[in-house]
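K.L.:
Take 66 as the starting number for the sequence shown in our numbering and just add one per residue. Glycine residues also receive a C-beta, built at the ideal position from the N, C-alpha and C atoms. All values derive from a computational prediction rather than experimental measurement. Sharing a structure here in structure tokens format.
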Amino acid sequence: MEPGQTIAYISDVAAHGLKPLFIAGCAITGVFFDLGFVSERWLRHNGRLLRNKGRLDKALSTLAIIFSICGAVGLILLSIFDTLRYRHQHNGFLVLFMGGYLLSAVFVCLEYLRLGIHYREHRILTISFWIKLIFIIVELALAIAFGVTGRGRGRKNQAAVIEWVIAFIFTFYVFSFVIDLAPAVRTRRHIPQGQRFPEMVSVSYPAGQQGQLDIAYEQPLTTDSMGDMANRHRGFAIND
Numbered sequence: 066m067e068p069g070q071t072i073a074y075i076s077d078v079a080a081h082g083l084k085p086l087f088i089a090g091c092a093i094t095g096v097f098f099d100l101g102f103v104s105e106r107w108l109r110h111n112g113r114l115l116r117n118k119g120r121l122d123k124a125l126s127t128l129a130i131i132f133s134i135c136g137a138v139g140l141i142l143l144s145i146f147d148t149l150r151y152r153h154q155h156n157g158f159l160v161l162f163m164g165g166y167l168l169s170a171v172f173v174c175l176e177y178l179r180l181g182i183h184y185r186e187h188r189i190l191t192i193s194f195w196i197k198l199i200f201i202i203v204e205l206a207l208a209i210a211f212g213v214t215g216r217g218r219g220r221k222n223q224a225a226v227i228e229w230v231i232a233f234i235f236t237f238y239v240f241s242f243v244i245d246l247a248p249a250v251r252t253r254r255h256i257p258q259g260q261r262f263p264e265m266v267s268v269s270y271p272a273g274q275q276g277q278l279d280i281a282y283e284q285p286l287t288t289d290s291m292g293d294m295a296n297r298h299r300g301f302a303i304n305d
């Protein structure tokens with residue numbers, strides 16, 4: 066920390082005793098977040114989520130993956146090259162991290178805009194688009210403010226606060242992808258989770274035997290954002 070600075074940057078805290086934990090956390094976040102991007106592309110390709118329409122949509126998804134990898138590389142490297150010993154390298158990797166994920170968010174936002182146009186009945190796509198658009202606008206504004214205050218004398222405390230806010234908002238952006246990937250859970254090879262609607266059905270047996278089966282059909286709670294595989298694995302739960 067510099068003279069007169071009372072609020073620590075995240076990197077100031079991580080540059081000392083917490084550095085191993087910081088590196089591990091950044092590595093896990095970067096790797097698994099990027100796997101989320103790759104998983105979404107694979108699930109759309111296989112119809113477990115709504116399919117992309119045309120080459121442009123697929124190109125946007127691919128670019129989002131590429132820039133997310135750049136962001137993850139920047140995140141991991143900035144945790145290794147701490148601000149105490151490698152200030153210039155740390156700042157460079159910080160720019161790579163923020164720029165990579167911001168550009169990735171732009172391409173994801175464009176992809177969801179096009180998906181929302183093609184699948185207007187699925188409102189979750191529109192909601193996801195607006196979440197990502199708000200993230201881009203807010204984080205870009207905060208990144209500019211962070212750069213300006215970080216260079217100015219006597220503004221290190223303001224810059225530190227902005228950095229913590231950026232990290233906090235980025236956490237919510239990461240968790241927003243749970244909304245995007247959740248519909249794929251209901252397209253696995255099992256009876257979809259949801260409401261059970263019991264029906265009493267009379268069944269005739271050979272040799273004059275009669276009986277009743279309590280048949281419960283399980284209906285998904287929602288099909289928003291499900292792909293064309295959504296209706297293939299429904300089934301009946303039969304209780305004698």
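Just verifying my parser: in three-state terms, what is the DSSP assignment at L115?
P.N.:
Three-state result, L115: coil.
K.L.:
Apart from the five residues just before and just after Q70, which ones in its own chain have a Cβ nearer than 8 Å to its Cβ?
P.N.:
K221, N222, A225
K.L.:
Figure out for me which residue from V173, L205, I88 has the closest Cα to the Cα of F146.
P.N.:
Residue nearest to F146 within the set V173, L205, I88 is I88 (criterion: CA-CA distance).
K.L.:
Pull up the distance between the alpha-carbon of S133 and that of G181, whole angstroms please.
P.N.:
22 Å
K.L.:
Could you pull out every residue in the same chain whose Cβ sits closer than 6 Å to the Cβ of I231, ignoring the five residues on either side in sequence?
P.N.:
L207
K.L.:
Which stretch, first to last residue, makes up the alpha helix (DSSP H) that contains L159?
P.N.:
152 to 183
K.L.:
Rounded to whole angstroms, what is the Cα-Cα separation between F172 and L149?
P.N.:
34 Å
K.L.:
To the nearest whole angstrom, what separates the beta carbons of V96 and A137, a pair I think is in contact under 8 Å?
P.N.:
7 Å
K.L.:
Determine the DSSP secondary structure at E228, reduced to helix, strand or coil.
P.N.:
helix
K.L.:
CB R109 to CB R116, shorter than 7 Å?
P.N.:
yes
K.L.:
In the structure shown, what three-state DSSP assignment does D77 receive?
P.N.:
helix
K.L.:
On the three-state DSSP scale, how would you describe Q70?
P.N.:
coil
K.L.:
Hey, could you find the ends of the alpha helix (DSSP H) V250 is sitting in?
P.N.:
For V250, there is no enclosing alpha helix (DSSP H), as DSSP marks it with neither H nor E.
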